[in-house]
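Trainee: If you're matching them up, the sequences are chains A and B in order.
Its first residue numbered 8, the first sequence is counted upward by one per residue in the working numbering.
Its first residue numbered 62, the second sequence is counted upward by one per residue in the working numbering.
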Amino acid sequence: MTSITPERSLRERFPRLLPHGERLDVGELERLRSRTRCFAEDHVRPRALEIDRRTGEDPSWFDWDLVRAGGEQGMLGLLIPEPAGGAGGLATQAAIVMEELCAACPGIALIFGAHALGVAPLLLGGPSQWDGVLAELVQSERTAKPLLMACAITEPEAGTDVEDPDLLRRARITSHARRVPGGFRLSGTKRFISNGSVARWITLLMPTDPRHPAETWTCFLLDTRSEGFAVARVEHKMGQRACPAAELTFDEVFVPDERVVSREGDGAAATTIVLACSRPPVGAIATGVARGAYERVLGWLEEDRAAKGLLERQHVQLALASMEEEIHLARQLYMDAATELDHTALGGVTSNPAVRAIAHVPAGVRRRAPMHGWLASDRARDATIALLHRTTSERAVTRSLALSSMAKAHGGDVAMLVTGAALELVGLRAGPVRAELEKLWRDAKLTQIYEGTNQLNRLEVYRGLCRSETISCLPPLHPIRRKTEGGRS
Amino acid sequence: MTGTTIAERIEIQAMASELAHRELAPRAAALDAGGQDVLTECWRLLAELGLDRVLLDERQGGAGLGVADLLATIEELAVGDGGIAMCVLLCNAALATLADEHLADVPAGARWALVPAASGTEVTLSNGQLDGGVACALGAYGADGLVILLDGPEPAAWAVGAGAAGLTLERDRPQMGLRAAPAASVELAGVSCAPARDGSGGSATAVNVASAPALLRAGTAAIARGISRRAYETALEYAHARKQGGVTIIEHDAVSDMLSAMAVRLALRPEIASDPAGLAIDEVQALAAKIATTDAAVASTTDAVQVFGGTGYMVETGIEKLMRDAKYCQLFPEPNWVAHDELMRPERTSRVAPLTRTIAGNGEVRAPRGRVL
Ligand SMILES: Cc1cc2nc3c(=O)[nH]c(=O)nc-3n(C[C@H](O)[C@H](O)[C@H](O)COP(=O)(O)OP(=O)(O)OC[C@H]3O[C@@H](n4cnc5c(N)ncnc54)[C@H](O)[C@@H]3O)c2cc1C
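1. I'd like to confirm something about alanine 121(A): is its beta-carbon nearer than 7 Å to some heavy atom of ligand 1, or not?
2. Compile a chain-ordered list of the residues in the segment 289-306 of chain B whose CB is closer than 8 Å to at least one CB of chain A.
3. Is there a Cβ of chain A sitting closer than 8 Å to that of threonine 417(B), yes or no?
4. How would you label threonine 66(B), buried or exposed, when you count the other beta carbons within 10 angstroms and need 16 or more for buried?
5. To the nearest angstrom, how far is it from the Cα of alanine 383(A) to the Cα of arginine 374(A)?
6. What is the DSSP secondary structure of glycine 354(A), counted as helix, strand or coil?
7. So, does the CB of threonine 143(B) fall closer than 8 Å to a CB anywhere in chain A?
8. Name the residue from Leu211(A), Leu175(A), Gly81(A) whose alpha carbon lies nearest to the alpha carbon of serine 147(A).
9. Can the beta-carbon of glycine 227(B) be found closer than 8 Å to that of glycine 251(B)?
10. Quick check: the Cα distance between glutamate 136(B) and glutamate 344(B), rounded to an integer number of angstroms?
11. Determine, using beta carbons only, whether arginine 179(A) comes closer than 8 Å to chain B.
12. Phenylalanine 199(A) versus chain B: which residues are under 7 Å apart at the beta carbon?
13. Under the criterion of a Cβ to heavy atom distance below 7 Å, does glutamate 170(A) qualify as lining ligand 1?
14. Mind checking whether the beta-carbon of glycine 303(B) lies closer than 7 Å to any heavy atom of ligand 1?
15. So with CB distances below 7 Å, who are the chain B contacts of histidine 243(A)?
16. My output table needs one value for glycine 251(B): the three-state DSSP class, helix, strand or coil.
17. Look up valine 208(B) in the DSSP assignment and say whether it is helix, strand or coil.
18. Give a yes or no on whether 8 Å exceeds the smallest Cβ distance from alanine 442(A) to chain B.
19. My assumption, with CB atoms under 8 Å, is that alanine 241(B) sits in contact with isoleucine 145(B). Please give the rounded CB distance.
20. Which value, in whole angstroms, describes the spacing of the CA atoms of glycine 299(A) and alanine 341(B)?
21. Let me see if you follow: with CB-CB separation under 8 Å, is threonine 363(B) close to chain A or not?
22. So that I know if they touch, is there some Cβ in chain A lying closer than 8 Å to that of lysine 351(B)?
23. Cβ of leucine 175(A) versus every heavy atom of ligand 1: is any distance shorter than 7 Å?
24. Taking 8 Å as the CB-CB limit, is glutamine 462(A) close to chain B?
25. Short check: CB of leucine 92(B) to CB of leucine 80(B), under 8 Å?
26. Got a sec? Which residues, its chain only, sit under 6 Å from proline 87(B) by beta carbon, not counting five neighbours each side?
27. Residues in the same chain with beta-carbon distance under 8 Å from isoleucine 209(A), minus the five sequence neighbours each way, listed in chain order, please.
28. Looking at the C-beta of leucine 435(A), does it have a partner C-beta in chain B at a distance below 8 Å?
29. Could you please give the first and the last residue of the uninterrupted alpha helix (DSSP H) stretch that includes lysine 244(A)?
30. Answer with buried or exposed for valine 502(A), where buried requires no fewer than 16 other C-beta atoms within 10 angstroms of its C-beta.
31. Compare the C-beta of leucine 255(A) against all C-beta atoms of chain B and say whether one is closer than 8 Å.
32. Against cysteine 197(B), what residues of chain A qualify as contacts under a CB-to-CB distance less than 8 Å, listed in chain order?
33. For lysine 452(A) and chain B, any beta-carbon pair shorter than 8 Å?
34. For the alpha helix (DSSP H) containing methionine 319(B), name the first residue and the last one.
35. Consider the C-beta atom of leucine 150(B) and the heavy atoms of ligand 1; say whether any pair is separated by less than 7 Å.
36. Beta-carbon of tryptophan 398(B) versus every beta-carbon of chain A: anything under 8 Å?
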């Protein structure tokens, strides 16, 4: 199949990537890209239209075979740290994988993308999270029953408002995590949650005091087998249908203290960092959608009898050149944002000697009482936060978030532009390629909406780059321990 | 035939508008889901009001109205559902090209569709028989009859009954937009056909085979406007109701700018009729209107989904459907880049130029430099 990327290596295109970089070895990235491309061509693209059709008829239909196939390729453990058994990937790896998968089918890619979004908050918990659910996810990866994750932030009354810490202050939050002895009871509704109906674990954000959502926004790790949890509905979506978006209800669901990710009240900061990490891959999703459309239209123009002579038309040549140009720029943006995050904003955390020392402790020792007890303690959580403060700054994260938002918003627009132009080039008479392009065009629209609408993302660019503002996005060193109902000291 | 009075035209529009809001809009989701029964039901309502044969004169069971009336009606119907409006356009265009003797055989309430086809590459005619195929012919599936409109220097139209030997219609499954005008891939294997009317015809309308493509373009422009209106009205209402950041979202410039752009696009209404009575279409204007209006509809419906945020992406809200319908308008009867080509055909460019005339200070009409008037 026609492809626009093989000519120049990643190293040539992104000189910031080091030949044997500690976390971003460019050779490894090249291998990851070609492995993913093969997987996408062999498993994803051939199923894309059929899955779209089936989920169009029944939105709750889900292709577990694909998840298993992805699991065998390490797609589920990509971001999970090596000590927990995963590949230890960062935003850059996630982005590269997303572009490749999305060029084949954005909906299927979203299954793995939403899983990664669910994993991301756990990574902020540091070594204390390695031996729990993260290890379990990796162990399940190559089994007949792989475990998926989801991340639930959006509520019916608060979508944009929960994507930004300042807006969260004024948000109409209807969910509530009520303190009870030994943990919390969660009530409320979360909406549009990708993988929500198929996930085994969900990272979930709710306030412990709805009157002060920003200050008490807290991340919980929820077992979807818990009593009181229900999937209220699976949405019938315009596109990216392979990945179900669900409305989830919580009726006094109990979550024990040890499943509070990081600390109570740190959720707003965690969300900001998670979005800084997840938006470059969303930019890559959009770039992949655009590339998929471009490759298909080019293939049609080169090979289909009905398109004979069209490549000689300047109109067509100019349209193709613009597509190539836009895709190129979108890729530069997401790679810049991802490497900025991995190298600069969070690079110090991942390469910190203390973290690496713990990583070298054999898992068996880490999981035994003394060390396990310390890792699960409040002191260990505080130490993880302290490490964040030592190795990065709120300004660095804000800047990184702005670059990530730019990549996401620009990519979304490029996805719409290129898929729309490709569809216009082939028209209604084009045969099978039309169905593929129509699907990609429907898929593309979502990239302007999720992970914060493009409007919100551009406002983040304004704050972080045009005004050089600094968002308060690191959890406080010394948390204000609020006295909530049922009181924990 | 005399032109319709303004009062009559307003009355027709009001009737179509009421039908769109009361009957079509509530059924739009079912029509989009591809329900044949609901299409039959809607078609019956439309036929009862004579909207299937607006252009034919009363002698032929028609309403005897002009093109401008048909376009105004179609726009109103498209506010309810773009696909149904497309069925009305295709049926009126098909019947307007039929000769009187054929029309006599078309029963009241029959749904016909005009199918534009590329002569030679898609469909060939020899010895009164049609061969070839047309992919994604809008409105053709389930139609009672087709008029195959062959393009070329001398356009010709050929009538084929739905049951004709050698004609196969297969439902176009992927059809993404205007789904109430069910598309078919049309296969013709030695299909005997009858020539549809040529010349200006003796009916109430100036539509003939030669001007049928212009009617399709002008009608598609009208549908696109109807879709844009619905997108704007629905998004505006939502923007006044949905709150984020402690205020209704219309109070955010990011949202009001999108709505304002939609309003601006709607304010620019292209003139399509070539005569004051609105009986005939100016083909250059029709091309320009189709390009501008369908591009505007794609932009406005995409923004409407954006105003709705995630809710707009869900099928049940009915907003994303507008986006799909608008996209199909951009691709029918030809993609807009091909329509641009049509506009620049040498025989037309001299007629585009007058559109660009400017009035100089002394009142003299001048063309921009380098243009031939
Ligand atoms: C298919 C799908 C999958 C999703 N997956 C997930 C998921 O896995 N997990 C999750 O938590 N969420 C998920 N979401 C939710 C998604 O992140 C939200 O839809 C998005 O943040 C927008 O929120 P909203 O839909 O409530 O729109 P709203 O916030 O209601 O926005 C409506 C409009 O108002 C504008 N607007 C709102 N506030 C402002 C402001 N302050 N300034 C300027 N303009 C503003 C928006 O830009 C938009 O145009 C998903 C959504 C979809 C559609």
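We put the beta carbon where it would ideally sit given N, CA and C, even for glycine.
Mentor: From the atom records:
1. Under cutoff, so the answer is yes.
2. For the segment 289-306 of chain B, the residues whose beta carbon sits under 8 Å from a beta carbon of chain A are, in order, Lys304, Gln305, Gly306.
3. Residue placement at threonine 417(B) is flagged as unreliable, the pLDDT there being 49, under the threshold of 50; the coordinate-derived value follows with that caveat. Residue-level contact by beta carbon fails for threonine 417(B) and chain A, as no gap is shorter than 8 Å.
4. Classification for threonine 66(B): exposed.
5. The straight-line gap from Cα to Cα measures roughly 10 Å.
6. Helix.
7. Threonine is not the amino acid found at residue 143(B); the sequence shown has glycine there. At a cut-off of 8 Å between beta-carbon atoms, glycine 143(B) makes no contact with chain A.
8. Taking only the C-alpha atoms, the option nearest serine 147(A) is Gly81(A).
9. It is a contact, given that the beta carbons lie within the stated cut-off.
10. Using only the alpha carbons, I get a separation of about 19 Å.
11. Yes, its Cβ sits closer than 8 Å to a Cβ of chain B.
12. Within 7 Å Cβ-Cβ: Gly371.
13. Indeed, a heavy atom of ligand 1 lies less than 7 Å from the Cβ.
14. One point to set straight first is that residue 303(B) is arginine, not glycine, in the sequence displayed. Flag set: Cβ of arginine 303(B) near ligand 1.
15. Here the neighbours are Met375, Val376, Glu377.
16. Here glycine 251(B) sits in strand by DSSP.
17. In the structure shown, the three-state DSSP call for valine 208(B) is strand.
18. So, interface residue.
19. In this structure alanine 241(B) touches isoleucine 145(B) by the C-beta definition: roughly 5 Å separates them, less than 8 Å.
20. Inter-residue distance for glycine 299(A) and alanine 341(B) is about 44 Å (C-alpha atoms, whole angstroms).
21. Cβ-Cβ to chain A under 8 Å: yes for threonine 363(B).
22. So no, lysine 351(B) is outside the interface.
23. No, Cβ of leucine 175(A) sits at least 7 Å from all heavy atoms of ligand 1.
24. Chain B, which has a Cβ nearer than 8 Å to the Cβ of glutamine 462(A), makes this yes.
25. Judged by their CB atoms, leucine 92(B) and leucine 80(B) are not nearer to each other than the 8 Å cut-off.
26. Contacts found: none.
27. Within the same chain, isoleucine 209(A) has close Cβ partners Gly125, Met156, Ala157, Cys158, Ala159, Ile200, Gly203, Leu228, Leu229, Thr231, Leu255.
28. For leucine 435(A), the answer is yes, since a Cβ of chain B falls inside 8 Å of its Cβ.
29. Segment: none, lysine 244(A) is in no alpha helix (DSSP H) and carries neither H nor E.
30. Past the boundaries of the shown model lies residue 502(A); chain A is included only from 8 to 496, so the question cannot be answered.
31. Chain B contact via Cβ: absent.
32. Going along chain A in sequence order, the residues near cysteine 197(B) (Cβ under 8 Å) are Leu435, Arg436, Arg441.
33. Taking Cβ atoms only, chain B reaches closer than 8 Å to lysine 452(A), which makes this a yes.
34. It spans 314-328 - the alpha helix (DSSP H) in which methionine 319(B) sits, taken as one unbroken run.
35. Remark: the shortest separation between the CB of leucine 150(B) and any heavy atom of ligand 1 does not fall under 7 Å.
36. Flagged as an interface residue toward chain A: tryptophan 398(B), by a C-beta distance shorter than 8 Å.
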